[in-house]
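One structure below.
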Amino acid sequence: MTKLISTPGEFTDRWRTPPNMRIAPELTAFDYDFPPAIDVLEQIRQDEDVRFTILGDHDWSVLMDRTAAFRTAPIDEILTWPFRLVHFRLHRFYDQFLAGLQEQVMIPWRTRLSSWGYTWQRCAPILFLSTAGAASTYHNDNSHGLAWQIEGTKIFHSYHDPDRILPAEAAVIGETTAEEPPEHDPVDRQSVRMDPGDMLWSHALTPHWVTTETPLAMSITLAHGGLCHQGQFSERELVLRSYWDEHPEKAWTRDLAHLRY
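Quick note, my numbering runs 184 ahead of the 1-based positions in the sequence shown.
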């Protein structure tokens, strides 16, 4: 069982090193009601910055037809298609269907982090929507992520000892991203069921993938770049920063490497 972190002290003790950890709701104390996932999907699929992938074992022409129709097909129809969707620029909707997210989630969370002695270079929400049978790519992020399940159920997969599976030095240069995870012993895998309201801390540069268990699932990840506690970065992020010191021309460009979800 993945340990449940419920106090700032426990969080500070655990945030620097994997494996991932479950976060108790009282630690964040968010007070925000999201619109239903189907309503969010209806609105956000029209946006020019939305990224989505139609999945399934259909032939290529079916996948291409569904991709072309995704923004305009009846919502009940596209809910029968396996797909994954991500949007990285949610601030654009703070005065629309995500009204209150900045005031009731982002500002209180940043304030809490600051009061616990943390600084950061960016902290922003990312939206994920998917249907049953859909899976994310196998990848790692440069950011620490607070994954918050809003509607439906997903399974968040990583490893109990990611350093043994993928050293940070390999993660930094992008040896992770693939459509599916590599073969591995199931005993090495850390799989956490995420039901509505559940939260998980995903460490920077740790390989992971997410599968959807319900007809429609929606989650928000608060992504933290350059997170630092009283002058101390996480162990895996130190590897990233060392790489940037050696390759200054690549600093920050890695944030753009895994926008394909």
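C-beta: ideal position from N, C-alpha, C; glycine also.
Sequence-distant Cβ neighbours of His344 in its own chain, meaning closer than 7 Å and more than five residues away, are Pro203, Asp372, Gln374.
Here DSSP, grouped into helix, strand and coil, assigns Arg255 to coil. Taking a contact to require three or more Cβ pairs closer than 8 Å, the stretch 203-215 and the stretch 230-244 do not qualify as touching. Using a Cβ distance threshold of 8 Å, Arg273 and Phe236 do not count as a contacting pair.
For Thr315, the enclosing beta strand (DSSP E) covers residues 306-315. The three-state reading of DSSP puts Trp332 in strand, counting E and B together. Tyr216 is bridged by DSSP to nothing; it lacks a bridge partner. For Tyr427, the enclosing alpha helix (DSSP H) starts and ends at 419-430. Setting aside the 5 residues that flank it on each side, Ser418 is surrounded in the same chain by Trp199, Arg200, Thr201, His328, His387, Ala388, Leu411, each with a C-beta closer than 8 Å to its C-beta; the list follows chain order. Here DSSP, grouped into helix, strand and coil, assigns Gln374 to strand. Bounds of any beta strand (DSSP E) do not take in Ser298; it lies within the alpha helix (DSSP H) bounded by 291-299. Per the C-alpha coordinates, the member of Pro366, Tyr302, Ser314, Thr321 positioned closest to Leu350 is Pro366. Pro346 sits close to Pro391, with the two beta carbons spaced by under 8 Å. Counting of Cβ neighbours within 10 angstroms places Lys187 among the exposed residues, the total staying below 16. Only residues of its own chain outside the window of five on either side were considered, and among them Gln333, Lys338, Phe340 have a CB closer than 6 Å to the CB of Met378, listed in chain order. Minimum Cα-Cα distance from Phe277 among the listed residues Trp304, Asp260, Ala208, Leu311 corresponds to Leu311. The beta-bridge partner set that DSSP reports for Trp385 consists of Met205, Leu330.
With a cutoff of 8 Å on beta-carbon distance, Trp393 and Tyr322 are scored as near each other. From the listed residues Pro219, Phe195, Ser190, the smallest Cα separation to Leu313 is found for Pro219. Taking C-alpha positions only, Glu226 is separated from His271 by approximately 13 Å.
For Thr405, the uninterrupted beta strand (DSSP E) run begins and ends at 400-409, by DSSP. Of the candidates Glu232, Pro258, Trp265, the residue whose Cα lies closest to the Cα of Met248 is Trp265. Bridge partners of Trp393 according to DSSP: His341. When secondary structure is reduced to three states using DSSP, His275 falls in the helix class. When DSSP states are grouped into helix, strand and coil, Thr196 belongs to the helix group. Scanning its chain for C-beta atoms nearer than 8 Å, with the 5 sequence neighbours on each side dropped, one finds around Gln288 the residues Phe214, Asp215, Tyr216, in chain order.
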